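Residue numbers (the numbering used here), protein chains in the order written: chain A, 931 to 1240; chain B, 2 to 180.
Here you go:
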């Protein structure tokens, strides 16, 4: 069984079989990560460049670790300290790197569609590590893996995605994935942060009431309020957001059932999540991070074969 | 395609291998049986079952070996040519300082066993590793690897494939596939 695609640009163009294959392969890599030697020789002759045009801690470390655990050679590139700052175009930068015999590109960019553009112009396999407000496919895959691990399956699972849906590539990738795998999805947040036609376009339900949403769901994936968007007057203040949509212990206790709390990080403590929720045993936030390495190993492994033929 | 070893003959080979292993490894607490995915796991499960039925009498003084499964997908030397989905890995015990009996269905070029040794040593440092196979095809070996316990030697063309399968009745049999 193989993936139907040469690149991982988004969840949108994956089939449900592709997603199942990635998740089941990730299970085996998770087993590798529990061993005394947490490393396999599979990608020994593969070189991977991590091209980060936008800041990242978790995703970047996670990819780098995944590459090392697969025995690949890695190069790290941060736009701020490179010739991109001298005005070199994206395509020139990448072609220069590829001429040094690099096989795969992991890329984060602030422009939506940047990895799709690259995929049309270069032979290497490309993995999207987040592009603008479009997609963040490996985050959605690790979220799905974590939900499956915690609750048994994705099919029929009720998942709420809460917060800034409008600007979130994590939300978009999660919605695509959860719908393909048969989960039910509700998005919840202030009307200014939820795209107007999302219900029709992506087949999700919309709620503006946090308490009702939490009472309905099995899993709440709470997104970061992007502080950099505060000046765009989408909501009046962080304090007001926290009062209306923040999740605290009192709110969770009032549900009389235990739901799973997820967050892609970094958390704004006291804004979207209170500390006693983020650090509680209902929260699987750190498991998400742990699973991220196994899921990224699976993606890199499954896409690596195509480079040899390219 | 023809059936090279039918289920009945296969089970009698398994029975003979089980007897051989019981006699050769009396220190059961320090010996583990590890099948290589996928055919080897079928064979090791049958051997495990045969050993358990033989020693059900507590007076035999023999205990069953601990039994695990090894997947070598990530260790194959042809991994780049064809990306294969991995199978289940299950070694729920330490192999440190133990005698590991690796079990496979067919010993052919030796590449699988080489990969299995690489995989095994990422789990710990066994005292010694023994190899037990249902069928040996010694004339096609590409590595200096020999079986310690073998059920049957089969001569066939280099291009012929021997494949273990479990039929609809749940019975294992060995098929010969000629080009």
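C-beta: ideal position from N, C-alpha, C; glycine also.
Predicted model, so just to flag it, every value in this text is computed and none were measured.
Residue environment: residue 1072 of chain A is assigned as buried (16 or more neighbouring CB atoms within 10 Å of its CB, all protein chains considered).
A Cβ of chain A is located within less than 8 Å of the beta carbon of residue 123 of chain B. The distance from the Cβ of residue 1153 of chain A to that of residue 1101 of chain A is about 6 Å, consistent with a contact at the 8 Å cut-off. Residue 153 of chain B has B:136 as its beta-bridge partners, per DSSP. In the DSSP assignment, residue 24 of chain B falls outside any beta strand (DSSP E) and lies within the alpha helix (DSSP H) extending over 8 to 25.
The Cβ of residue 23 of chain B sits no closer than 8 Å to any Cβ of chain A.
Look at the segment 1011 to 1029 of chain A: it has no residue with a C-beta under 9 Å from a C-beta of chain B. Here residue 956 of chain A has 1075, 1224, 1225 and 1228 as same chain residues with Cβ atoms under 6 Å from its own Cβ, once five neighbours each way along the sequence are excluded.
Not a single CB atom of chain A sits nearer than 8 Å to the CB of residue 66 of chain B. Sixteen is the threshold: since fewer than 16 other Cβ atoms of the shown chains lie within 10 Å of the Cβ of residue 2 of chain B, the residue is exposed.
Bounds of any beta strand (DSSP E) do not take in residue 1030 of chain A, whose DSSP letter is neither H nor E.
Per DSSP, the beta bridge partners of residue 1213 of chain A are A:1191. Residue 27 of chain B and residue 64 of chain B have their C-alpha atoms roughly 9 Å apart. Judged by DSSP secondary structure, residue 32 of chain B falls within the beta strand (DSSP E) whose first and last residues are 32 to 37. Residue nearest to residue 106 of chain B within the set B:96, B:153, B:124 and B:130 is B:153 (criterion: CA-CA distance).
The beta-carbon separation of residue 1067 of chain A and residue 1103 of chain A, rounded to 5 Å, stays under the 8 Å limit for a contact. Taken through DSSP and simplified to helix, strand or coil, residue 3 of chain B comes out as strand. Scanning B:95, B:96, B:93 and B:72 for the CA closest to the CA of residue 87 of chain B turns up B:72. Under DSSP, residue 1122 of chain A shares a beta bridge with no residue. The beta carbon of residue 933 of chain A lies closer than 7 Å to those of 948, 951, 1232 and 1233 in the same chain, with the five residues before and after it left out. Chain A places no beta carbon closer than 8 Å to that of residue 56 of chain B, leaving this residue out of the contacts.
When C-alpha distances from residue 997 of chain A are compared across A:1077, A:983, A:978 and A:1009, the shortest belongs to A:978. With contact defined as three or more Cβ pairs closer than 8 Å, the segment 138 to 148 of chain B and the segment 12 to 24 of chain B are not in contact.
Looking from the CA of residue 39 of chain B, the closest CA among B:172, B:164 and B:170 belongs to B:164. Take residue 109 of chain B, set aside five residues on each side of it, and the residues of its chain with a beta-carbon closer than 7 Å to its own are 138 and 141, in chain order. Straight through space, the alpha carbons of residue 174 of chain B and residue 167 of chain B are spaced by roughly 6 Å. By the C-beta density criterion, residue 966 of chain A is exposed, having fewer than 16 other C-beta atoms within 10 angstroms.
Straight across, the Cα-Cα distance linking residue 993 of chain A with residue 980 of chain A is about 8 Å. Annotated three-state conformation of residue 1183 of chain A is helix, per DSSP. What residue 86 of chain B touches in chain A, judged by beta-carbon distance under 9 Å, is 931, 932, 951, 954, 955, 958 and 1232, going in chain order. Comparing alpha carbon positions, the residue from A:1139, A:939, A:1055 and A:1087 closest to residue 1064 of chain A is A:939.
The residues 15, in chain order, have a CB closer than 6 Å to that of residue 47 of chain B in the same chain once the five nearest residues on each side in sequence are set aside. For residue 67 of chain B, the enclosing beta strand (DSSP E) stretches over residues 67 to 71.
Residue 96 of chain B is a Cβ neighbour of residue 125 of chain B, given a cutoff of 8 Å. When secondary structure is reduced to three states using DSSP, residue 1039 of chain A falls in the strand class.
Excluding five sequence positions before and after residue 178 of chain B, the CB atoms of its chain that fall closer than 8 Å to its own CB belong to 2, 161, 162, 163 and 164, given in chain order.
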